[in-house]
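A.B. asks: In our numbering, the protein residues as written are 15 to 184.
Glycine is no exception: its CB is placed at the ideal position from the N, C-alpha and C atoms.
Model, not experiment: these values are computed from the prediction.
1) Starting from residue 104, follow the alpha helix (DSSP H) in both directions and report where the run begins and ends.
2) Can we say the stretch 161-177 touches the stretch 52-65, given the rule of at least three CB pairs closer than 8 angstroms?
3) May I ask you to report which of helix, strand or coil DSSP gives residue 52?
4) With a CB to CB cut of under 7 angstroms and the five nearest residues on each side skipped, what residues in its chain are close to residue 144?
5) Which whole-angstrom value describes the C-beta separation of residue 132 and residue 33, a residue pair presumed to lie in contact below a C-beta threshold of 8 angstroms?
6) Going by beta carbon distance, what residues of the same chain come within less than 7 angstroms of residue 104, once the five residues before and after it are set aside?
7) For residue 61, list the residues DSSP reports as bridge partners.
8) Nearest to residue 158 by alpha carbon, out of 171, 108, 119 and 134?
9) So, residue 118 versus residue 48, is the Cβ gap smaller than 7 angstroms?
10) Nearest CA to the CA of residue 172: which residue from 112, 130 and 128?
11) Do residue 94 and residue 29 come within 7 angstroms of each other at the CB atom, strictly closer than that value?
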């Protein structure tokens, strides 16, 4: 197992635990009506029941961790000619490496989505808390971190533009 595969697997499982822990912890802290939309001045404009937030997050969590992860497990069964990659003929001769790249990419996507959901839950709980004096603008960093993670995960398939190096040239 390559180090990148190991790191992505660990990140994915840690992000699963992170989302579950964040969901359970924030659900216990949320008021009955949770502010989810804010004006330019930082005042709450829209509220949602905490049960609805729980069900929405659980639906996203299940879709993310079941559908995308199941698709990642089926990547090795897909014929290389049907994959949306360049240099299909070259990559078809290095199928194990191609499977590892694509599976790692999909698992990394799962981990990124989980990480963004977890941080968003903590930010939402902190904003709605009466104990902390933070407002919505204190969490603007979350937008940039989420954007950077999404750009990172969608830049990973760029590696597939270069064909693998044959083992005899290593």
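C.D. replies: From the atom records:
1) Here residue 104 corresponds to residue number 90 of the chain shown, with the count starting at 1. Residues 102-106.
2) no
3) Residue 52 sits at position 38 when you count from the first residue of the chain shown. Of the three classes helix, strand and coil, the one that applies to residue 52 here is strand, per DSSP.
4) For this step, residue 144 is matched to residue 130 along the chain shown. So the list is empty, once near-sequence residues are dropped.
5) As a working mapping, residue 132 is identified with position 118 in the chain shown. As a working mapping, residue 33 is identified with position 19 in the chain shown. At roughly 5 angstroms, the Cβ-Cβ gap stays under 8 angstroms, so residue 132 and residue 33 are in contact.
6) Locating residue 104 in the chain shown gives position 90, where the first residue counts as 1. If we look at residue 104 and ignore the five residues flanking it on each side, its Cβ neighbours are 177.
7) Residue mapping note: residue 61 aligns to position 47 of the chain shown, counting from 1. Its beta-bridge partners are 49.
8) Translated into the one-based positions of the chain shown, residue 158 becomes position 144. Ranking 171, 108, 119 and 134 by Cα distance to residue 158 puts 134 first.
9) Within the chain shown, numbered from 1, the residue matching residue 118 stands at position 104. Within the chain shown, numbered from 1, the residue matching residue 48 stands at position 34. Between residue 118 and residue 48, the C-beta gap is not smaller than 7 angstroms, which leaves the two residues out of contact.
10) Within the chain shown, residue 172 is the residue found at index 158, counting from 1. Minimum Cα distance to residue 172 is reached at 112.
11) By one-based count along the chain shown, residue 29 stands at place 15. By one-based count along the chain shown, residue 94 stands at place 80. It is not a contact, given that the beta carbons lie outside the stated cut-off.
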